[in-house]
Amino acid sequence: MEDMDLFSAPHWSTHFFNEPECRLLQTDLNHPVGGYSLDQLAPNYDISHHFPQIKRENHISFGDQDNVSLYFSDRKDDFIKLEEGERKKMRRERNKVAASKCRNKRKEHIKCLMKESDDMENKNVDLQTEISSLQAEIRELECILDSHTCIMKSKTKRGE
Numbered sequence: 008m009e010d011m012d013l014f015s016a017p018h019w020s021t022h023f024f025n026e027p028e029c030r031l032l033q034t035d036l037n038h039p040v041g042g043y044s045l046d047q048l049a050p051n052y053d054i055s056h057h058f059p060q061i062k063r064e065n066h067i068s069f070g071d072q073d074n075v076s077l078y079f080s081d082r083k084d085d086f087i088k089l090e091e092g093e094r095k096k097m098r099r100e101r102n103k104v105a106a107s108k109c110r111n112k113r114k115e116h117i118k119c120l121m122k123e124s125d126d127m128e129n130k131n132v133d134l135q136t137e138i139s140s141l142q143a144e145i146r147e148l149e150c151i152l153d154s155h156t157c158i159m160k161s162k163t164k165r166g167e
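In our numbering, the protein residues as written are 8 to 167.
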């Protein structure tokens with residue numbers, strides 16, 4: 008099988024903005040190379056020999072989303088801002104993931120607290136049972152002590 012250039016693979020597509028100095032390279036993560044993203048395949052990959060007129064400035068990744076956009080520009084300090092709708096959609100998606108993570112974390116915490124509560128209740132029952140047993144033993148020993156007459160005291164009093 009011949010070596011395939013990352014940017015000539017069928018899952019890559021290039022879209023151009025109206026401004027000639029800006030380019031947007033968009034990857035479709037539904038069909039990545041071997042299930043890996045560009046950053047996983049080649050984190051330090053220099054695309055300048057494929058696109059000599061542009062420089063890699065920013066890689067914007069948004070977790071589990073299907074599309075990840077890479078922005079490039081001829082100008083060093085130029086940064087292309089996402090459209091308002093895209094930003095809202097990405098913010099909603101990040102918020103949805105964060106909320107789900109928070110809910111799962113809260114459920115786990117509640118489950119842990121419930122288990123701890125059950126363990127403490129069981130320990131409390133065991134301790135109450137032990138207290139009752141010890142109190143019964145104290146009563147028995149007090150009865151034995153009360154019914155006991157000291158033979159030594161009786162003999163010493165008589166022998167004086």
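Note that beta-carbon positions come from the ideal geometry of N, C-alpha and C, so glycine has one too.
Whole angstroms are fine: how far does the CA of residue j sit from the CA of residue i?
i, j, result
"N111", "C119", "12 Å"
"I138", "D125", "20 Å"
"T136", "K122", "21 Å"
"A143", "M159", "29 Å"
"L141", "T156", "24 Å"
"M97", "E91", "10 Å"
"V104", "I117", "20 Å"
"A106", "E93", "20 Å"
"M127", "I145", "26 Å"
"K108", "E100", "12 Å"
"V132", "L152", "30 Å"
"N102", "K95", "10 Å"
Please go through the same chain and pick out, in chain order, the residues whose beta-carbon is closer than 6 Å to the beta-carbon of residue i, but skip the five residues on each side of it.
i, result
"K130", "none"
"L134", "none"
In chain order, what residues of the same chain have a beta carbon less than 8 Å from the beta carbon of residue i, not counting five sequence neighbours either side?
i, result
"K114", "none"
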